[in-house]
Every structure is written in C-alpha cells, then in structure tokens.
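Position one of the sequence shown corresponds to residue 48 (this note's numbering), numbered consecutively onward.
Quick reminder that beta carbons are idealized off the backbone N, C-alpha and C, glycines included.
Predicted model only: the values in this text are computed from it and were never measured.
Encoded as structure tokens, the structure appears first; notes follow it.
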Amino acid sequence: MIWKSVVGKLWLTILLLVSFVLFVLTILLLEFFENYHVSEAEKELTKDAKKISLILEQHADSEQAMSIAWELVDEATRVVVFSEKDDYSHSPNESLSHLPASFFLDDPQLSLVFEDQPIVTKKTYLSDVNIDDEMYGEIMIVGIPLHLDENKDGAVFIYQSLLAIKETTKQTTQLILLAAGFAIFLTTIFAFFLSTRITAPLRKMREAAFEIARGKFDTKLPMLTHDEIGELAMAFNQMGRQLKFNINALNQEKEHLANILSSMADGVITLNRDGTILVSNPPAERFLQAWFYQEGNDNGEDLPSEVRDMFQRAVSIEKEQAIELTYQGRTWVIVMSPLYSQTYIRGAVAVIRDMTEERRLDKLRKDFIANVSHELRTPISMLQGYSEAIVDDIAGTDEEKKELASVIYDESLRMGRLVNDLLDLARMEAGHILLNYEQANVAVFVEKIIRKFQVLSKEKNISLSYEMTGQGKIAFDVDRMEQVLTNLVDNAIRHTENGGQIVIIVNLSDLGLKMDVKDSGHGIPEEDLPFVFERFYKADKARTRGRAGTGLGLAIVKNIVEAHNGQISVHSKWNEGTTFSMFIPRTMS
C-alpha cells in the first residue's frame, strides 16, 4: 500500500500540512471578506438613509423629495418611508418585493427609530408567501428618524439582502479550493520528486536488507550519492561484510560443537536456568525416548522427574549431582553439573552414560562364577562321593558297583557336554565356525523337528504345530540349524505349562527364511530380555538341575544364526508368552 511506504507517508504529511494551512486560510479569508462587505454595506446604507432623511426634511414638496430619494438607491436596495406610523410608502421597485410595514412596526428594536433612535441591525426574514423571494434569508436594515414637522415623527428604513455577500464568499471559496487543488498537485509532484532523490536509495537498501535476511550476505549497494544516504550505503556494505564474517565464524563453531556432541558416546543435555532443554545429542535423545516409551509423559514434561529434581538440587546448592536410572532394561548414570556464566549460574549440563554393557559384563562375571561353580560342583561332588563308595567297598554286590559306576559315567558325560559347549561357543565367537551349506526343503526340515518333540509335548499336554507360508528350498547348514531349532523348541516346552501351545511360524520368501517360535508360557521378565543370549545367563534364578540347562544354549543359537549372516531377536511379556524370531537370508542359490 502506498501509505505504508516512505513516499506515501511523505506525500500524505505534506498534503495534510498544505490542506491544514489552506483550511485555516480559507476560514480567515471568508471571515475577513464577510466582515468587510457587511461593514461596507452598512456604511453605504447608513449614508443613503441619511441623505434620504435630509432630502425629505428640507423639501417642502414631498412628492418631489420622494422622487429624488428613490433615485439615490440602486436596484438591490429597498426603502420604506414612514411619515407617521400609519402613513408609509415604498421605493418604486415593482420587480422587487418589499417587507410588510408590520415587520417594522411590530419589531421592538426597529420601532425604537420612531423614538428618535437610529438603528443598524441584521434580521432574518422568512417569507411563507414568497418562498423564492430575494429577501428570503438574512437582511441588513438601517433605520433613521424622520422629522417632517413638529407634529410628525416618522422614520426612513433602508434595507438590503446579504445574499450578495454570500455569493462573494462562495466565489472566494471556489478560488481557494482551486488554489488548494493546484497546491495538492504540486505537493504530489514534489513528493515523488523527493522519492527519486531520497526514497529510491532507501528502497534499494530495503531490498538489500531482505536479501541479507535470506542469507545472501554478498549483497552490495551502489554508491549513488555522496551525502548522508551514500554514507549509509557504505556503512550498510561494511555491515554486510562483517555480518557474513561473523555468521561464518558462528556456523563453524556451531558445526564444530555439533560434530563433537554427535560423535560423543555419552549423552549431553544442556539446560537453561528455568529447566528447558537447550542442546542435546543423539545418545541423550535415545535416553529420553526410552524414558518416554516406558513411563509416558502425562504431565507434558520433557525430562524425567528424577532428572528434574537433580537439576533443582544442582542449581540450588551449586554442587555436582549423580543418579542412576533404568529404562527399557538399560541402565544410565547421569551426572549433573552447574553451568556458570562468569559468577552467575545460567543452567546446568547433564552427562548421560549408558552403563548397560558395564553392568551386563559385571553381571556376567558374577553369573559365570556362580554358574560354573554350580554346574561343576554337583557332578564333582557326585564323582567324589560315588568314587569313595567304591574305594571303601560300600557297594557289596557287582550290581551296586555297576550302578555307582553308571552314575559316575553320567556325571562325567555331563561335565564333558559342558566343556564341549564352552569350546564350541569359544570357537564360534572367535569366528572359527565352518558351515556346510546345502539346499534343504524347509517343510521337511520343520516337520522333522516337530516329530522329534512329539512325545515330549504329549507328555506335558502341549499343542506343538507349525504354519508355513511359501514353498521351496533354501541353503543353510542343516545340522547347525537343527541345533538352533531344537534348542528353541526345547526351551519353549520347558517354560510352557501343561495345556499350553507352541507354534512354529515359517515364512519363505525371495529374501530369505523367517521363522518364529511362539509359545504361551510364563514369559521372560523385562529386566532379563537384554541378556537372554549371553553365556551362562538364566532367567531361572533357582538354577535347578536336570532340564534347566547350563545357560549356553541361546548363546550358541545366536552365534549359529549370525554365522549364517542372519539375525535373531526375542519379544516377551510376563505371563503372556515368548516369541523368538530369526531370519536367514539367501546366501546360496
């Protein structure tokens, strides 16, 4: 819009100023002209009235005197002469109407003329009969006492319409309006002339400022003039160069800081004085996502309540605070330190370290000692006990000795399996496993596993079945994959109550083989899910013997699947069942 621009504002300002001056001038001129014409009319009427009164008083012949008096007035002026109040005569202007005699006689002010008091006044006369009469409106009346003889006191009234003065005022107003229009025209030309001299460089500065705001810091203004505007353009160009330099420096610092934060293994969160998050890196975002997924965010907070309380303590007492939190089976240690701006605390910085691996290794170390001690103590104790029984000849018969020897043999086999599993697992983790790929019919392979556990599942009244999608063959190590599926189905049967259900869901596609072993057992606790594929780890903390296993089976399963370039994962909810999912890509055609 033009009135929002500098040109429009300048033009509007000058226009308003000129209009105001012309308005005041018009009012003053109209008042001056009106007063001047009224004063001149008053003088002329008073002069004519005195002449007529003098002529009438000095001439004995009244008719001749009247004839002379009528010659003194012009066509726009009317005269009425009262010899007495009941005897009056009008000037012979037949084309013009006259005021009635009652107008002069009934008016208290005009009637004073008959009492020898001259009157000059303006009256408003509204004629109901002659609505178009010239005397309609304001008129000026001059009254002069008339003394014809000692017995007659009359009056001479001469009056004139003020419409002529109004007509003059109207013409004056038209002239002033014409002058105002001409002044406005000149003002417009002057404003747009100034725009080419002043506002044109300003518009270019505005365009250059918008370009800089869009990030084009190379924008330069030409030096069109050598006045203050030219100096402003020079300062603008210097400002653009300095701004470009500062922005580049800030971007480099920001990029450097972002690279440092994103490459850090620890999470970093910078908090403002009011507790709002200013900066965070990807590890910190993963921590917040884990908290939000597990605890939710019903209160609309962006930090856990424990971290928020720790922030308040760190800011209030100005000391470093530390806390350990666990979300989604992962453990984080958070260290909060006050953040200073000179001597003023402007917030805090939190360093978040994922300690899950350290805690896991520590737990594995403790569990390894406990598992190995437990697994070896029982067979060693039995070997020692039964060996002492044989040495001490406690068994009296050959059958009893054979029975004791059989127990010793079984326990030695158990220890051998444990050692073999440890050796196999060590070789797999070292990458020394060799796979014998062969084309296997997936349906035949799965049915073999089903038949293998048919008797055991019937003993526990568990429904064991499979669902197949797709047909064909895929290359994998049949013996190793049988070991994988056997371990998974055996675990499912062991942890499923009587009357439960186990389903093997097979999906063979162009990408590879996907198998899910799904059971309706009691599930795996959430805190145990990240560790089920670790060595010697058991969700069953009782460590019962027999079918409880050694805790190496799932570790071996994971290594076999990964040796096939595959992946395996587990999903479980307590008292709702467990699903082990693995995917084997097509590595051989």
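Take the alpha-carbon of Trp338 and the one of Pro577: they are about 17 Å apart. Beyond the five residues adjoining it in sequence on each side, Lys97 comes within less than 7 Å, by CB distance, of Ile191 in the same chain, given in chain order. By the criterion of at least three beta-carbon pairs nearer than 8 Å, the segment 457–465 is not in contact with the segment 481–490. The alpha-carbon separation between Met515 and Glu574 amounts to approximately 33 Å. Secondary structure note for Gly262: it is in no alpha helix (DSSP H), with a DSSP letter that is neither H nor E. Ranked by Cα distance from Gly568, the options Asp526, Asp537 and Ile115 are led by Asp537. In this structure, Val398 lies near Val315, with their beta-carbon atoms less than 8 Å apart.
Contact annotation: Ser619 and Ile552 have beta-carbon atoms that are not nearer than 8 Å.
Taking C-beta separations shorter than 7 Å and ignoring five residues to either side along the sequence, the partners of Lys251 in its chain run Leu268, following chain order. Look at His106 here: in three-state DSSP terms it is coil, with no helix or strand label. Distance from the Cα of Leu222 is smallest, within the candidate group Thr93, Leu77 and Tyr433, for Leu77. Taking each of Met357, His303, Lys291 and Asp356 in turn and checking the Cα distance to Ile259, the smallest one comes out for Lys291. Under the criterion of beta carbons closer than 8 Å, Thr323 and Leu386 do not qualify as touching, at roughly 13 Å. Short of 8 Å from the beta carbon of Ala230, and not among the five residues preceding or following it, lie these beta carbons of its own chain, in chain order: Val65 and Leu69. From the listed residues Leu249, Gln389 and Lys410, the smallest Cα separation to Gly277 is found for Leu249.
Taken atom to atom, the span from the alpha-carbon of Ile205 to that of Leu101 is near 14 Å.
Contact between Ile540 and Leu503 holds, with the beta-carbon distance rounding to 6 Å and staying under 8 Å.
Beta-bridge partners assigned by DSSP to Met562: Val553 and Met629. Per DSSP, the unbroken beta strand (DSSP E) holding Ala369 starts and ends at Gln368 to Tyr374. CA-CA distance, Arg400 to Ile370, rounds to 11 Å.
Ranked by Cα distance from Leu152, the options Asp134, Arg406 and Glu581 are led by Asp134. Spanning the alpha carbons of Lys132 and Leu159 requires a straight line of approximately 12 Å. It is roughly 39 Å from the alpha-carbon of Asn293 to the alpha-carbon of Trp379. One alpha carbon belongs to Lys499, the other to Lys520, and they sit about 21 Å apart. Following the DSSP letters along the chain, one finds Glu162 in no beta strand (DSSP E), marked with neither H nor E. Here the C-alpha atom of Asn545 lies approximately 18 Å from the C-alpha atom of Thr626. In terms of Cβ geometry, Gln285 and Tyr340 do not form a close pair [threshold 8 Å]. Nearest neighbour of Tyr513 by Cα position, chosen from Glu494, Ala522, Lys505 and Thr219, turns out to be Glu494.
Considered as a whole, the segment 320–360 harbours 329–342 as its complete alpha helix (DSSP H) runs of no fewer than 4 residues, in chain order. Look at Thr317 here: in three-state DSSP terms it is strand.
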